[in-house]
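Residue numbers (the numbering used here), protein chains in the order written: chain F, 1 to 360; chain Z, 1001 to 1134.
C-beta: ideal position from N, C-alpha, C; glycine also.
Computed from a predicted model, the values in this text were never measured in an experiment.
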């Protein structure tokens, strides 16, 4: 190993005992707002559309209810009892309460309370993967046998803003446990973080602010590229060592461009690239792509996952699928089942469902 | 504000947790500690599967206080596969597509908020058409 690699190798996060994913579950609400509807209202239909359509939560859905369904799907695949879980962590930028954890609602609903860690995580679109790295460590240290991390959002976009075309709803839950019971093993993770104010929402504000093109090069591309390249250099792997890759997907263009720059092919990213059909699910975006990949992956396949959260940072994971995937993936609905459950709505219905009408 | 009442009911409301009678094996929902079938003590918590079918239904256009923002919505009597009948809202379904005998599954959703936007969010069971699996 060269000195460069040795130095980088120390940057990899690797648990003391081997850890993997024992269960996973996705959730996407059934409503879809075509991007053409947003363009119809705000640009006379003249805008370039960043996605085909985005998912929209129903009137009775929020990050708590969506997390509960993803968590139940993950539990079905994990085949463990709720009391075996020692942590439930929910990452989101649309927690239903400003003060009061979402995670306790999820824990209570799936029967995992009260002997459990619970907490809500916040790091824009990488809140979910931040919780996943912590869950790997929680199990990897031996403090717990099973820990659940969720990334879920009902993303906000100002009416007429570029983000309104893409700000979707959905996400995924992952249960981490000992490698020998896993359907995919987490080889190592690496995180890359700087203070970059590309996108933020201040206290009491309904909609986030973003710095237009600044969200590209110094934010999305820089962090994802550094995270992916450092992980690959330190682990002496190259893009061809991965069967699949999934990157944070705020629109169709960014993940395809960063994948090509890093040397990944369209075939490697196609199964996890869901943004065109469900929009940007923020804290759920990279990891719901991972669920779609796990739904089709074969034992031995290696998967690279790289999230991006504004503010800004990226978490990279190298994951290898095991034999257990074959039977476990059929124990809960697949991600494509949720994507196929599609009820298109118009802009008026969207405005009602997202609470953009002032009633008093 | 009725926080204590909602807190007391959270297990049955979030997860459809009832009771099983250790004497005659009846399943009880809601939990009531006395078996309606044999009259004996029944305090064993029981997690219902959430699967059932629509026994009857109606659509509410004039909702009671607290439910205005969701109207119109469909309320059904759902016969659970373990036996009990529960009253619950249906969700993710157009009222004109609801049929007697339609298979449904439990999901946990927002029921309403307690008072205005400052009040607690009340979550609980609803039923939706069974998700089509590939």
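request  = Would you tell me roughly how many angstroms separate the C-alpha atoms of residue 1084 of chain Z and residue 27 of chain F, rounded to the nearest one?
outcome  = 28 angstroms
query = Using CA coordinates, which residue listed in F:307, F:293, F:104 is at the minimum distance from residue 301 of chain F?
reply = F:293
ask   = Among all the DSSP beta bridges, which residues are the ones paired with residue 238 of chain F?
value = Partner(s): none; residue 238 of chain F has no beta bridge.
key: CA-to-CA distance, residue 1033 of chain Z to residue 98 of chain F, given in whole angstroms   = 37 angstroms
task = Quick one: measure Cβ to Cβ for residue 155 of chain F and residue 103 of chain F, integer angstroms, because I've assumed they're closer than 8 angstroms.
result = With a Cβ gap of about 19 angstroms, residue 155 of chain F and residue 103 of chain F do not count as contacting.
query = Which residues does DSSP pair with residue 210 of chain F in a beta bridge?
reply = F:199
inquiry  = Using only the alpha-carbon positions, how far apart do residue 1019 of chain Z and residue 259 of chain F sit?
reply    = 53 angstroms
query = residue 1133 of chain Z touches chain F at which residues, Cβ-Cβ below 8 angstroms?
reply = 333, 334, 337
query = Taking a cut of 8 angstroms between CB atoms, which residues from the stretch 69 to 98 of chain F lie near chain Z?
reply = 69, 96, 97
query = Counting along the chain, where does the alpha helix (DSSP H) carrying residue 178 of chain F start and finish?
reply = Element bounds for residue 178 of chain F: not the alpha helix (DSSP H) but the beta strand (DSSP E), 169 to 178.
message = With a threshold of 8 angstroms between beta carbons, is residue 301 of chain F in contact with chain Z?
response = no
query = Rounded to the nearest angstrom, how far is the Cβ of residue 1128 of chain Z from that of residue 1093 of chain Z, given a contact under 8 angstroms?
reply = 6 angstroms
Best match in F:193, F:250, F:121 for proximity to residue 279 of chain F [C-alpha to C-alpha] = F:250
Under 7 angstroms from the C-beta of residue 1092 of chain Z: neighbouring residues of chain F = 30, 58
query = Is the stretch 130 to 144 of chain F close to the stretch 84 to 93 of chain F, with three or more CB pairs under 8 angstroms?
reply = yes
Endpoints, beta strand (DSSP E) assigned at residue 117 of chain F = 117 to 121
inquiry  = Applying the 10 Å Cβ sphere with the 16-neighbour rule, what's the burial state of residue 223 of chain F?
reply    = buried
Proximity test, Cβ basis, 8 angstroms: residue 341 of chain F and chain Z = yes
inquiry  = Helix, strand or coil for residue 215 of chain F? Go by DSSP, reduced to three states.
reply    = helix
request  = Mind listing the chain F neighbours of residue 1121 of chain Z? Cutoff is C-beta to C-beta under 8 angstroms, in chain order.
outcome  = 62, 64, 96, 97
Cα-Cα separation between residue 167 of chain F and residue 136 of chain F, rounded to whole angstroms = 29 angstroms
Three or more C-beta pairs below 8 angstroms linking the stretch 181 to 194 of chain F and the stretch 305 to 321 of chain F = yes
inquiry  = Please list the terminal residues of the continuous alpha helix (DSSP H) segment that includes residue 66 of chain F.
reply    = 63 to 78
task = Tell me whether residue 1106 of chain Z is buried or exposed, calling it buried when 16 or more other Cβ atoms sit within 10 Å of its Cβ.
result = buried
Cα-Cα separation between residue 306 of chain F and residue 191 of chain F, rounded to whole angstroms = 9 angstroms
task = Can you pull the chain F residues whose beta carbon is under 8 angstroms from the beta carbon of residue 1126 of chain Z, in chain order?
result = 60
Neighbourhood of residue 39 of chain F by C-beta distance below 8 angstroms, restricted to the same chain and skipping five residues each side = 45, 46, 47, 49, 165
query = Any chance the CB of residue 92 of chain F is under 7 angstroms from a heavy atom of the ligand ADP?
reply = With respect to small molecules bound, the structure shown includes none, and the ligand ADP cannot be examined in it.
ask   = Between residue 1061 of chain Z and chain F, is there a C-beta pair that is closer than 8 angstroms?
value = no
task = Assign residue 1137 of chain Z to buried or exposed, taking buried as 16 or more other Cβ atoms, counted over all protein chains shown, within 10 Å of its Cβ.
result = Here chain Z covers residues 1001 to 1134 and nothing more, so residue 1137 of chain Z does not appear.
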